[in-house]
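>
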Amino acid sequence: MTYLGMSSETGRKLSDAEHIKQSIKDIILTPIGSRLERRDYGSLLFFLIDHPNQRAAQLKIMSATVMALTQWEPRIRIDSMKFHINKEILTLELTYYLAVQPNQKVTTEIEVR
């Protein structure tokens with residue numbers, strides 16, 4: 045197991061796959077324009093989640109997520125995305141392949157509040 049980075053919550057070492065999951069969450073949950081030295085880092089997700097039950101909004105959310113991850117996380121290839129909407133919480137279920145292990149499919153859930 046190679047270690048690529050560290051946990052933003054605990055400071056412990058993370059494996060490649062764990063670091064990628066952390067990176068995906070950070071990219072998706074960071075609004076574009078919120079980082080001082082990297083204004084274009086992040087996604088447009090927070091500008092689009094007002095009405096996640098509407099089909100057009102879901103397509104925009106999917107598009108914004110894929111565009112952000114394609115730009116900022118080259119270690120994955122996105123396979124599919126699903127939505128789960130429960131009251132105030134939007135959960136994105138993202139399935140992707142790791143670039144270093146193209147036959148391994150990984151699923152990550154990210155809650156957006």
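Be aware that the sequence shown starts at 45, since it is given in the numbering used here, and climbs by one per residue. Ideal Cβ positions, reconstructed from N, Cα and C, are used throughout, including at glycine.
1. For D123, which residues from the same chain have a beta carbon less than 8 Å from its beta carbon, with the 5 sequence-adjacent residues on both sides left out?
2. Nearest-angstrom Cα distance between L80 and L48?
3. Could you give the DSSP three-state label for Q115: helix, strand or coil?
4. Going by DSSP, name the residue or residues bridged to P75.
5. For L103, tell me which candidate among L58, K126, I68 and T151 has the shortest Cα-Cα distance.
6. Is I154 near L136, with beta carbons less than 9 Å apart?
7. Considering just the uninterrupted stretch of the beta strand (DSSP E) at R121, what are its terminal residues?
8. Could you compute how far the alpha carbon of I129 sits from the alpha carbon of I93?
9. Assuming contact is defined by CB atoms lying nearer than 9 Å, are V173 and L89 in contact in what I supplied?
10. Using a Cβ-Cβ cutoff of less than 7 Å, which residues in the same chain neighbour W23 once the five nearest sequence positions on both sides are dropped?
11. Between which residues of its own chain and S51 is the CB-CB distance below 6 Å, once the five residues before and five after are set aside?
Taking the definition as stated:
1. Here residue 123 corresponds to residue number 79 of the sequence shown, with the count starting at 1. Once the five neighbours on either side are set aside, the close Cβ partners of D123 are T139, Y140, Y141 and K149.
2. The count along the sequence shown starts at 1 and reaches residue 80 at position 36. The count along the sequence shown starts at 1 and reaches residue 48 at position 4. One C-alpha to the other measures close to 25 Å.
3. Against the sequence shown, residue 115 aligns to sequence position 71. Reduced to three states, the DSSP call for Q115 is helix.
4. In the sequence shown, the residue the question calls residue 75 occupies position 31. For P75, which the question treats as bridged, DSSP gives the partners S87.
5. Numbered from its first residue, the sequence shown carries residue 103 at position 59. Ranking L58, K126, I68 and T151 by Cα distance to L103 puts K126 first.
6. In the sequence shown, the residue the question calls residue 154 occupies position 110. In the sequence shown, the residue the question calls residue 136 occupies position 92. Closer than 9 Å, so yes.
7. In the sequence shown, counting from the first residue as 1, residue 121 sits at position 77. Note, R121: beta strand (DSSP E), I120 to N130.
8. Translated into positions along the sequence shown, residue 129 becomes position 85. Translated into positions along the sequence shown, residue 93 becomes position 49. Cα to Cα, the separation comes out at about 11 Å.
9. This structure cannot settle anything about residue 173, because the visible part of the chain is limited to 45 through 157.
10. In the structure as shown, the chain begins at 45 and stops at 157. Residue 23 is therefore absent and cannot be evaluated.
11. Stepping through the sequence shown from its first residue, residue 51 is reached at position 7. Cβ neighbours of S51 within its own chain (closer than 6 Å, five residues either side excluded): L58.
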